[in-house]
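Encoded as structure tokens, the structure appears first; notes follow it.
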Amino acid sequence: MTRSWKLLAATLAALVFVGGLLSGCAQSPSADSLKGPAKEAASAVRAASLAVDLRLQERATAAAATTTADDMLKGMQSATDQLEHFGAKTQDEQSLRDSMLACFSAISRSLLHARDALAAPTSTPDGGTDLAGSVQLPAVQGELRTATEQLDALMTKAGIQ
12 MTRSWKLLAA TLAALVFVGG LLSGCAQSPS ADSLKGPAKE AASAVRAASL
62 AVDLRLQERA TAAAATTTAD DMLKGMQSAT DQLEHFGAKT QDEQSLRDSM
112 LACFSAISRS LLHARDALAA PTSTPDGGTD LAGSVQLPAV QGELRTATEQ
162 LDALMTKAGI Q
């Protein structure tokens, strides 16, 4: 009985060793490792874009849209933190991670612009109209859409959908 346990232990050890070799030798970036942060970033940028759209159509209050943009900015920080801890083992993985980090930075900048534009006053104390925020929103929407397209392209490259 002792001999069969030794044989079983040796077999399990060999399987673990071979499994480690196979998982460590992947030639393409690990889509599974990048999937969570990428999807979180995609959700954040799309939700902020929707908030800007609704505000432009006057179907959302400035406070609600600003809160959404601020919450999405926090989500981007979380996604960025996860991505920064991704241990790239190959040059391809490093390149993809660096591209995603650059894209995440652009998304975060766009979210900051959206939050600031959404929070800008739309009327003056004397009852006049101050369109500073409203004038910026279409440009911000363009930034958000460009960032979304870049992220979608990176996700496709990494096999994340």
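Going by the working numbering, the first residue of the sequence shown is number 12, and it counts up by one from there.
Just so it is clear, CB atoms sit at the ideal spot from N, CA and C, and this is done for glycine as well.
What residue range is occupied by the uninterrupted alpha helix (DSSP H) comprising residue i?
i    : result
H124 : 102–130
G86  : 73–95
Which value, in whole angstroms, describes the spacing of the CA atoms of residue i and residue j?
i    : j    : result
G35  : E51  : Note that G35 scores a pLDDT of 41, beneath 50, so its modelled location is shaky; the value from the coordinates is reported in the next line. C-alpha separation (whole angstroms): 26 Å.
M87  : S119 : 6 Å
Q147 : L67  : 10 Å
C114 : G170 : 16 Å
A53  : A74  : 23 Å
Looking only at its chain, what residues have a beta carbon closer than 6 Å to the beta carbon of residue i, apart from the 5 residues adjacent to it on each side?
i    : result
Q152 : V63
So, is residue i buried or exposed, given that buried needs 16 or more other C-beta atoms within 10 angstroms?
i    : result
T91  : buried
V56  : buried
H96  : exposed
E154 : buried
P48  : buried
A76  : buried
S116 : exposed
Residue i by DSSP, collapsed to three states: which one?
i   : result
R70 : coil
G10 : The requested residue 10 does not occur in the structure, where the chain is confined to residues 12 to 172.
A99 : coil
Counting only the same chain and skipping the five closest in sequence on each side, list residues whose C-beta sits under 7 Å from that of residue i.
i    : result
T159 : V56, R57, S60
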